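A short write-up of the structure that comes next.
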Amino acid sequence: MNEKQGMGAGIAIGIGLGTSLGVALDSMALGAAIGIGVGISFGLAFQHGIKNKSDEDQSNSEKE
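First residue of the sequence shown? That's 1 in the UniProt record's numbering, and the numbers climb one at a time after it.
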């Protein structure tokens, strides 16, 4: 998974959560807003994790 896929996956998770929240709160606009915020947070977290993983892989291959 590359960085763009990580961001897409995070936003997809956020949209899913936002839709669920929107139904639960009876306000799709609020649910969508929360979902987008959560999605961006997840996306950034995934990107950060991917970047750290690739840095570790690169440093491990340099040691060999």
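Heads up, the beta-carbon is just placed ideally off N, CA and C, and yes, glycines get one too. All of these numbers come straight from a predicted model, not from anything done at the bench.
Just to confirm before moving on: does the CB-CB distance between G39 and I11 stay below 7 angstroms? The criterion of a C-beta distance shorter than 7 angstroms is satisfied by G39 and I11.
My understanding is that residue 70 touches I34, with C-beta atoms under 8 angstroms, so please give their C-beta distance in whole angstroms. Within the shown structure, residues of the chain are numbered from 1 to 64, placing residue 70 beyond reach of any answer.
Apart from the five residues just before and just after A29, which ones in its own chain have a Cβ nearer than 8 angstroms to its Cβ? If we look at A29 and ignore the five residues flanking it on each side, its Cβ neighbours are G22.
Taking only the alpha-carbon atoms, compute the straight-line gap between G43 and Q5 and give it to the nearest angstrom. When rounded, the distance between both Cα atoms is 9 angstroms.
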